[in-house]
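A.B. asks: Keeping their order, the protein sequence lines are chains E and X.
Numbered continuously in the numbering used here, the first sequence closes out at residue 170.
Numbered continuously in the numbering used here, the second sequence closes out at residue 885.
Each residue gets a CB set at the ideal place from its N, CA and C atoms; glycine is no exception.
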Amino acid sequence: MATVNIRATVNGTERIIECEPDAPLLDVLRQDLGLSGPRFGCGVGLCGACFVLIGGRARSSCDFPAWAAEGQDITTVEGLVQDGALHPVQQAVVDEQAAQCGYCTSGMIISAVGLLHANAAPTEGEVRSALDGNLCRCGSHQRILRAVLRAAARTSPPGARTAVRQEEAR
Amino acid sequence: MSRSAEPSPSLAANPQLREWLDFSVDAVVTIRPGKVEYGQGVWTALAQIAAEELDVGLDQVRVAGVSTSSSPDEGVTSGSRSIQDSGGALRQVCAQVRAAFLAEAAEKLGADPAGLEVARGAAGTGPGQRGLSYWSLDEAALLDRAARLTVPAKSPARWSVAGRSAPRIDLPDKAAGRPRFLHDQVLPGMLFGRVVRPPAPAATLDGVDEAGLPDGVVTHVRDGSFLGVIAESDRVAVAAAERLALAARWTVRESLPDEDDLKGFLLSQPTDDQPVAQRRDAAAAGQVRSTRAAEYTRPFIAHGSMAPSCAIARWDDGDQVSVWSHSQGVFPLRGALATGLGLDPAQVTVHYVEGAGVYGHNAADDAAADAVLLARAVPGRPVRVLWTRPDELSWGPLGSAMLARLSAGQDAAGRIRTWRQDVWSNGFVGRPGIGGEPRLLALSHIAGGTPISATPDGVPSGAMGATRNAVPAYDIPDLEVTRHRLLTMPLRTSSLRSLGAFLNVFAIESFMDELALAAGADPVEFRLAHLRDPRARRVIEEAAAMSGWAARARAGTPGESADGTGFGLAFARYKGVAGYCAAVAEVAAGTSISLRRLWLAVDVGRVINPDGVLNQVEGGAIQSASWALRERVRFDRTRITSVTWESYPILRFTEVPEVAVRIVDAPGEPETGAGELAQGPVAGAIGNAVADAVGARVRDLPLTTEQVTRAIELS
Chain E
1 MATVNIRATV NGTERIIECE PDAPLLDVLR QDLGLSGPRF GCGVGLCGAC
51 FVLIGGRARS SCDFPAWAAE GQDITTVEGL VQDGALHPVQ QAVVDEQAAQ
101 CGYCTSGMII SAVGLLHANA APTEGEVRSA LDGNLCRCGS HQRILRAVLR
151 AAARTSPPGA RTAVRQEEAR
Chain X
171 MSRSAEPSPS LAANPQLREW LDFSVDAVVT IRPGKVEYGQ GVWTALAQIA
221 AEELDVGLDQ VRVAGVSTSS SPDEGVTSGS RSIQDSGGAL RQVCAQVRAA
271 FLAEAAEKLG ADPAGLEVAR GAAGTGPGQR GLSYWSLDEA ALLDRAARLT
321 VPAKSPARWS VAGRSAPRID LPDKAAGRPR FLHDQVLPGM LFGRVVRPPA
371 PAATLDGVDE AGLPDGVVTH VRDGSFLGVI AESDRVAVAA AERLALAARW
421 TVRESLPDED DLKGFLLSQP TDDQPVAQRR DAAAAGQVRS TRAAEYTRPF
471 IAHGSMAPSC AIARWDDGDQ VSVWSHSQGV FPLRGALATG LGLDPAQVTV
521 HYVEGAGVYG HNAADDAAAD AVLLARAVPG RPVRVLWTRP DELSWGPLGS
571 AMLARLSAGQ DAAGRIRTWR QDVWSNGFVG RPGIGGEPRL LALSHIAGGT
621 PISATPDGVP SGAMGATRNA VPAYDIPDLE VTRHRLLTMP LRTSSLRSLG
671 AFLNVFAIES FMDELALAAG ADPVEFRLAH LRDPRARRVI EEAAAMSGWA
721 ARARAGTPGE SADGTGFGLA FARYKGVAGY CAAVAEVAAG TSISLRRLWL
771 AVDVGRVINP DGVLNQVEGG AIQSASWALR ERVRFDRTRI TSVTWESYPI
821 LRFTEVPEVA VRIVDAPGEP ETGAGELAQG PVAGAIGNAV ADAVGARVRD
871 LPLTTEQVTR AIELS
């Protein structure tokens, strides 16, 4: 199969990846770049296990063709770790013991980080909506919700929640 | 001093201390359970037990991977038995090792063993006097001996590591996305295999045009109706498998029942009928003034693990095969592979590597057989096989459809005097090797292979198979329970979390509410009036209190709640002999049924890791709610059609209820396991809450809006 060179930033590093243009981004990340954090779950964007941040937004990588990654800024769950320290959402998942098997965890964390980029102080309902594309079979949902809200409370600037509430009130 | 209620069968089968642990790494205790970790947190709990009995830090305990080459054979990790079996063995082994260590240390120090303290694995007569440790003494002297049950374990009153919530040892890796799953494993020289499954359960491969396979294909394998391909990369393997699927010619037969008449299917098949329980009381039966009967069903349910099944296999030296699998039972898998391939078990090694959560016998073992068959074509090269999502949802074993037919007689006061229960189901005990058959999918497809016979169901004891929880725990003087196991099996069934308990408890607890209604009694009071076991009464009272049941009971009669909400309670003692669980559900019935809240009270005896128990019960509750509200394997007369998360929906974040779990303290009682407790009671509680909300009884799972609407129309 003919290959092309895709230039993209992956976890802060510019990469040139030789691959088939229609190869799924997930497969390129896992097989070609050795990033095992994004998981294969369904292959058609219906379960969320493969979520990555593309331009800061969480989306599935299993149905995202490699050619569309050209010039994009991609972050996988591994890329959230800074200088060996877990991202606040990752830390909150550990603190809340918010997993059983953990296979969906990468995608959950990515969705939560994407949400908190856009909305630093989400309500529980907003977290539920943001994670609705992430399936969990073990039933860890309540713990994941708590973890995301905990991370939001840690990272959102003081007063942000009040400001949001006031915004909603108006 | 405390003793286990019964000696661990795991220890009886593997009595040498050295099989269970070693001190080969300085300052580290390596424990070697034969039970596997798949997200249920069992390795953390086992590490706690070992740390407690050895007096080492929890941070000093490592858990060795499970392998047929190095682990004690503990059979299958199933049935909520790991804490009793593996934990019981490790507790006994570690207590004995500590006693031997103390005796050795006392002799060396010229001290009285009773005057010695052990901390972080070192012994001495006081702080600063700890020159001897597990790692400085002769390991052979400590470990080269057989277990003796006479050495007492610590009393739970003295526990400082066990009995407290400990963080899971596997979570930091999982949160950081580090490679941990079998799916992440890359072996040197590894190739990638894919299998082209038949288009239906009853299909035969007539031929395939093998021309035009893409570059990068190493070879393909065709053996009877087993068809697969091996390539240098998974991308090429996927493309080649798609091409082979288009080029394959199959003869396909209709072999499946009418999905819309599962009751008719279950009642029309030949069955093996076995008594489960029988007690007669003519005097009580003579008091019966009214009788009721009802039938309850569940559909086929899929495991739906988040990861499709995966396996790696490599053949070496002609006849030795190594397998990496996320099977729940590496030893039975080894035996089944050997049987199916005509090998000696010594020629097969199976290593466990974690996959996504498993909830019974899913396709993990089948994937291992696939990898073994494909890898045989490329000796010396490891071949990884990954299933597709559609194959996972349609070719993995299913939890059987079931019908429970109940009838009961009540006296003039409404007390239950007689009870009859008949349960129809395919079997639940179909793991590899059961009945001496391989029971591996690919081995049923190869030329001259072994077909998978109708799944057995184990001893009809009320604890196993379809009979699990088929005998109500209530005080009923005249009772008869019978199992009807189907002898045909159009859809392959096997173990799925809680086995028959999910439907049996749903049926019994729905029926209890129907009988309470007939007696004009409050459902909680009605249950308590038929229960003497104080532990059973306590979890019911606790769940009722958590949910504010008493205030709710005063508020009105079923179907008349002004706001469309309903409450329901259900109870079961798992397997009739294990943990207790009562659940209360709150639903809102509007244009659709939504589950708002669940409250659960559980008694699992002594608890090793309280947060681990809470996590298991919360997760089980949500999974059970998903089964009860949404799940149903769909099929036409030829094939399963629910092959994506759209056609096989499970509960999502916007749909999951709030869940509150409370552990009822029972430190003097043996551990019982917690992983399957919630399945039955949660389904029963939701069913009762729906009936409370809408005033009509839905007896066929799942409790979808359509089913509820139909029940209202019929009522």
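For Ala-453/X, is the classification buried or exposed, using 16 other Cβ atoms within 10 angstroms of its Cβ as the cut-off for buried?
C.D. replies: Classification for Ala-453/X: exposed.
A.B. asks: Quick one: residues in its chain with C-beta nearer than 7 Å to the C-beta of Leu-611/X, no 5 flanking neighbours on either side, listed in chain order?
C.D. replies: Answer for Leu-611/X: Asp-536, Ala-539, Trp-565, listed in chain order.
A.B. asks: Can you tell me the Cβ-Cβ gap for Val-860/X and Val-757/X, rounded? I've got them flagged as a contact below 8 Å.
C.D. replies: Right, their Cβ atoms sit about 6 Å apart.
A.B. asks: Using DSSP bridges, identify the partner residues of Asp-192/X.
C.D. replies: Per DSSP, Thr-200/X.
A.B. asks: Once the 5 residues before and after Arg-767/X are set aside, which same chain residues still bring their CB inside 6 Å of it?
C.D. replies: These residues qualify, in order along the chain: Glu-756, Pro-827, Glu-828.
A.B. asks: Mapping DSSP to helix, strand and coil, what is Ala-220/X?
C.D. replies: In the structure shown, Ala-220/X sits in a helix (DSSP, three-state: H, G or I).
A.B. asks: Could you tell me if Gln-82/E is buried or exposed, where buried requires 16 or more neighbouring beta carbons within 10 angstroms of its beta carbon?
C.D. replies: Result: exposed.
A.B. asks: Determine, using beta carbons only, whether Cys-101/E comes closer than 8 Å to chain X.
C.D. replies: So yes, Cys-101/E belongs to the interface.
A.B. asks: For the beta strand (DSSP E) that Gln-490/X lies in, which residues bound it at each end?
C.D. replies: Here the beta strand (DSSP E) through Gln-490/X covers 490-495.
A.B. asks: Closer than 7 Å: is that where the CB of Glu-429/X sits relative to any heavy atom of the ligand ZN?
C.D. replies: Absence of the ligand ZN from the depicted structure is noted, as is the absence of any ligand whatsoever, leaving it without description.
A.B. asks: Applying a beta-carbon distance threshold of less than 9 Å, which residues of chain X neighbour Arg-39/E?
C.D. replies: Ordered by position in chain X, the residues that pass the 9 Å Cβ test against Arg-39/E are Gly-347, Phe-351, His-353, Asp-354, Met-476, Ala-477, Ala-526.
A.B. asks: Taking Thr-509/X as the reference, give the member of Arg-587/X, Pro-469/X, Pro-427/X, Gly-619/X with the closest Cα.
C.D. replies: Taking only the C-alpha atoms, the option nearest Thr-509/X is Gly-619/X.
A.B. asks: Is the shortest distance between the beta-carbon of Gln-218/X and the beta-carbons of chain E less than 8 Å?
C.D. replies: Answer no: the Cβ-Cβ gap between Gln-218/X and chain E never drops below 8 Å.
A.B. asks: Candidates Pro-242/X, Glu-222/X, Ser-239/X, Pro-203/X: which alpha carbon is nearest Val-233/X's?
C.D. replies: Among Pro-242/X, Glu-222/X, Ser-239/X, Pro-203/X, the Cα nearest to that of Val-233/X is on Pro-203/X.
A.B. asks: To the nearest angstrom, how far is it from the Cα of Thr-247/X to the Cα of Gln-498/X?
C.D. replies: The straight-line gap from Cα to Cα measures roughly 5 Å.
A.B. asks: Consider the Cβ of Val-431/X: report whether some Cβ of chain E lies at a distance smaller than 8 Å.
C.D. replies: Here the sequence assigns Asp to residue 431/X, which means Val is not the residue at that position. No - not a single Cβ of chain E is within 8 Å of the one on Asp-431/X.
A.B. asks: In the DSSP assignment, find the unbroken beta strand (DSSP E) run with Val-206/X in it and report its ends.
C.D. replies: Taken as a continuous stretch (DSSP letters only), Val-206/X belongs to no beta strand (DSSP E), as it is neither H nor E.
A.B. asks: When burial is assigned at 16 or more other CB atoms within 10 Å of the CB, is Asn-5/E buried or exposed?
C.D. replies: With fewer than 16 other Cβ atoms within 10 Å, it is exposed.
A.B. asks: Measure the Cβ-Cβ separation of Val-77/E and Leu-86/E and say whether it is below 8 Å.
C.D. replies: No, the pair does not count as a contact, with Cβ atoms beyond the cut-off.
A.B. asks: Assign Arg-173/X to one of three DSSP states: helix, strand, or coil.
C.D. replies: The predicted position of Arg-173/X is uncertain, since its pLDDT is 43 and thus under 50; a value taken from the coordinates is nonetheless stated next. DSSP places Arg-173/X in coil when its eight states are reduced to three.
A.B. asks: Could one say the Cβ of Leu-871/X lies closer than 8 Å to chain E's Cβ atoms, at least one of them?
C.D. replies: Judged by the 8 Å Cβ criterion, Leu-871/X is not in contact with chain E.
A.B. asks: Determine, using beta-carbon pairs with one atom in the region 863-873 of chain X and one in the region 792-808 of chain X, whether at least three such pairs fall under 8 Å.
C.D. replies: Verdict: yes, contact present.
A.B. asks: Please state the DSSP three-state secondary structure of Cys-47/E.
C.D. replies: Three-state result, Cys-47/E: coil.
A.B. asks: I need the straight-line Cα distance from Leu-53/E to Ser-817/X, nearest angstrom please.
C.D. replies: For Leu-53/E and Ser-817/X, the distance between alpha carbons rounds to 27 Å.
A.B. asks: Check whether the region 111-119 of chain E and the region 56-68 of chain E touch, using three or more Cβ-Cβ pairs below 8 Å as the test.
C.D. replies: The region 111-119 of chain E vs the region 56-68 of chain E: in contact.
A.B. asks: What in chain X is Cβ-close to Ser-156/E, meaning under 8 Å?
C.D. replies: None at all; the shortest Cβ gap to chain X is about 20 Å.
A.B. asks: For the alpha helix (DSSP H) containing Thr-509/X, list its first residue and its last residue.
C.D. replies: Residues 500-511.
A.B. asks: Report the three-state DSSP secondary structure of Ala-481/X (helix, strand or coil).
C.D. replies: Three-state DSSP puts Ala-481/X in a strand.
A.B. asks: Identify, in the order they occur along the chain, each residue of the same chain with its Cβ nearer than 7 Å to the Cβ of Thr-200/X, setting aside the five sequence neighbours on each side.
C.D. replies: Contacts found: Leu-191, Asp-192, Ser-194, Arg-232, Ala-234.
A.B. asks: Does DSSP put Cys-101/E in a helix, in a strand, or in coil?
C.D. replies: Cys-101/E falls in the coil class under three-state DSSP.
A.B. asks: Considering Asp-443/X, what are the terminal residues of the beta strand (DSSP E) in which it resides?
C.D. replies: Per DSSP, Asp-443/X belongs to the beta strand (DSSP E) from 441-449.
A.B. asks: Using the C-alpha atoms, what's the distance from Gly-45/E back to Phe-64/E?
C.D. replies: Roughly 9 Å between the two C-alpha positions.
A.B. asks: Run through the region 366-397 of chain X for me and flag every whole beta strand (DSSP E) of 3 or more residues, listed as ranges in chain order.
C.D. replies: Fully enclosed beta strand (DSSP E) runs of 3 or longer: 373-378, 387-393.
A.B. asks: CB-CB under 6 Å to Pro-819/X, same chain, minus the five flanking residues each way: which ones, in chain order?
C.D. replies: Correct list, in chain order: Arg-800.
A.B. asks: Helix, strand or coil for Val-4/E? Go by DSSP, reduced to three states.
C.D. replies: It is a strand residue.
A.B. asks: Which chain E residues are close to Ala-404/X, counting only those with a beta carbon under 8 Å from its beta carbon?
C.D. replies: Looking at the sequence shown, residue 404/X is not Ala but Asp. Correct list: Asp-27, Gln-31.
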